[in-house]
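Q: One structure, pasted below without further comment.
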């Protein structure tokens, strides 16, 4: 279920499906780096202004699914205009800053993005640009990222399947929204 907060900036309604905390796992595979499974936590929040704030933390998982060490951290700001054009400014922990542009698909919660500008610090590794696809599928958030370097053509390097994290506040809010004439036991409700 997609909820649209009453204080969400009107321009961001098409991106409301992203809001909240997400957690899941994925695969990382790029030439010159370790192939691994990873865990991920993503948060999209808003404060009433015309952007979503984005944070993502990933970490390497061992064969049993335990955290081994951090993999990547990103943060940024997402906007969408009246023509469903999406723009993102993103900073990564490896010293890369990116400007992404893309489009929100018509009639479905899917975003296709491509880098427009990349700035790197001296400490960052080689990186030329990327593409990403985000989709809201059966109440889950899925994404795939592609990347290129001066030596490696654009190719997929990370993808993940994330589930919405339900908080105690969510459960309380949903419980308060139930009708007053609900049966007082679960069995009667299903009869």
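In the UniProt record's numbering, the protein residues as written are 1 to 191. Just so it is clear, CB atoms sit at the ideal spot from N, CA and C, and this is done for glycine as well. Everything numeric in this text was worked out from a predicted model, so none of it was measured.
1. Straight-line CA distance for residue 163 to residue 141?
2. What does residue 24 pair with, by DSSP beta-bridge criteria?
3. Would you say residue 116 and residue 99 are within 7 Å of each other, going by their C-beta atoms?
4. With a threshold of 7 Å on Cβ separation, who are the neighbours of residue 136 within its own chain once the five nearest residues in sequence on each side are excluded?
5. Quick check for students: name the residue ranges of the beta strand (DSSP E) that lie wholly in the UniProt domain "THAP4-like heme-binding" (11-164), counting only runs of 3 or more.
6. My understanding is that residue 76 touches residue 58, with C-beta atoms under 8 Å, so please give their C-beta distance in whole angstroms.
7. Suppose you measure from the CA of residue 53 to the CA of residue 152; what does that come to, to the nearest Å?
8. Applying the 10 Å Cβ sphere with the 16-neighbour rule, what's the burial state of residue 34?
9. Report, in whole angstroms, the separation of the C-beta atoms of residue 146 and residue 125, which I expect to be a contact under 8 Å.
10. Helix, strand or coil: how does DSSP classify residue 172 here?
11. Starting from the C-beta of residue 55, find all residues in its chain whose C-beta is less than 6 Å away, skip the five residues before and the five after it, and write them out in chain order.
A: On the basis of the supplied data:
1. 6 Å
2. Paired residues: 40, 162.
3. yes
4. 17, 109
5. 20-28, 36-45, 52-61, 67-80, 85-92, 96-104, 110-120, 129-137, 140-148, 155-164
6. That belief does not hold up - the Cβ atoms of residue 76 and residue 58 are roughly 15 Å apart, past 8 Å.
7. 31 Å
8. exposed
9. Contact doesn't hold; Cβ gap of about 16 Å is too wide.
10. helix
11. 43, 75
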